[in-house]
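Single-structure report; data block below.
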Amino acid sequence: MYSFEYARPNTLNEALDILCSDVEPRLLAGGQTLLAAMKHRLTAHSTLIDLQAIDALRGVSVDGAILRIGAMVRHAEVAAHIEIRGRLPALAVLAEGIADPSVRNMGTMGGSVANNDPAADYPAAVLALGATIHTNLRDIPADDYFLGMFATALARDEILTAISFPLPDAAGYFKLPHPASGYVLAGAFVARFGDTTRVAINGAGPCVFRDAAAEGALSARFHPDAAAGLHFDPEDFTEDLHAGKDYRAQVLPHVIRRALTRALA
Ligand SMILES: Cc1cc2nc3c(=O)[nH]c(=O)nc-3n(C[C@H](O)[C@H](O)[C@H](O)COP(=O)(O)OP(=O)(O)OC[C@H]3O[C@@H](n4cnc5c(N)ncnc54)[C@H](O)[C@@H]3O)c2cc1C
29 MYSFEYARPN TLNEALDILC SDVEPRLLAG GQTLLAAMKH RLTAHSTLID LQAIDALRGV
89 SVDGAILRIG AMVRHAEVAA HIEIRGRLPA LAVLAEGIAD PSVRNMGTMG GSVANNDPAA
149 DYPAAVLALG ATIHTNLRDI PADDYFLGMF ATALARDEIL TAISFPLPDA AGYFKLPHPA
209 SGYVLAGAFV ARFGDTTRVA INGAGPCVFR DAAAEGALSA RFHPDAAAGL HFDPEDFTED
269 LHAGKDYRAQ VLPHVIRRAL TRALA
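Going from the sequence shown to our numbering is simple: count from 1 and add 28.
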């Protein structure tokens, strides 16, 4: 690991002051992705700005049909939170399935969504639910946020502060996990709002994406059988050590079916 300075601001403004004035600063949330990259010397930073002491980045609240979760809320808190389990159980189930207890007790929702790993779980929920990503500068609709592999609409001087999720009539998430890490090989989050269904696919390609054909089929019929006729072109899918692109394309209809079954349960 290259040497670096460490800062632990108590407010968002203090964090922004360092972020905007330092040479090569980096925000530190749970450190579950960033610290591993630094230990392998894949990345070097002048100062790590630890967000842990900033109260404004914490908290879970429900206002009408909107669930708001602070960026520094950890995966384990989402999994166990009574209000989330009651109002949006699919999100609690998703958080419960991330990695192992030690990662869940450190990793944060904001860190995961800022990182936008193609094999991460949260991006699928954020996109399928049509969430809003709040930052110190603006509110970003999920449809405009995920730009590509590890790429988002966040600017260099922007801190993700919270995410607001519209509460759906029904929602379900299912993933084929990597057996060791839990990262997604192919996953789907389905969310039903009135007569409309949104479907977000993660793990299969370089970035989470919505699938128009799946959304059309599931909007017409919100039933597991509606996934049977779906086909996915493997051309742009991920081919790696863990699974081939053809495999990912072939399992997706089954993954969507399982997500739908959960949404209806
Ligand atoms: C063994 C292992 C298994 C894992 N398995 C899974 C899995 O199954 N599913 C899954 O989804 N994830 C998995 N992860 C990743 C885990 O969920 C991490 O918690 C997550 O990727 C990053 O969150 P973090 O809070 O640790 O962020 P950090 O590592 O601290 O930061 C990640 C990046 O986001 C930036 N960042 C952090 N917070 C903010 C913010 N508020 N605003 C702007 N930028 C910010 C940082 O600067 C950094 O670039 C795994 C990790 C490990 C080590």
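Ideal Cβ positions, reconstructed from N, Cα and C, are used throughout, including at glycine.
Owing to the predicted nature of the structure, the values given are computational and were not obtained by experimental measurement.
Only buried fits T160, as 16 or more other CB atoms lie within 10 angstroms of its CB. Proximity of the beta carbon of D167 to ligand 1 is not indicated: no heavy atom of the ligand is located closer than 6 Å.
Taking one beta carbon from each stretch, the stretch 181-200 and the stretch 92-100 have 3 or more pairs nearer than 8 Å; the two touch. Our two residues, S209 and L40, have alpha carbons roughly 32 Å apart in a direct line.
DSSP places P194 inside the beta strand (DSSP E), whose first and last residues are 188-194. Spanning the alpha carbons of D45 and M137 requires a straight line of approximately 23 Å.
Placement of the Cβ of A142 at a distance of less than 6 Å from at least one heavy atom of ligand 1 is found. Taking 6 Å as the cut-off, the C-beta of T136 counts as close to a heavy atom of ligand 1. Linking S31 to N164 through their CA atoms gives a straight-line distance of about 28 Å.
Less than 7 Å separates the beta-carbon of V154 from that of A170. At a cut-off of 6 Å, the beta-carbon of A57 counts as near ligand 1: some heavy atom of the ligand is closer than that. The C-beta distance from H103 to R69 rounds to 27 Å, too long to fall under 8 Å, and the pair is not in contact.
Secondary structure note for G244: its alpha helix (DSSP H) is the uninterrupted segment 240-248.
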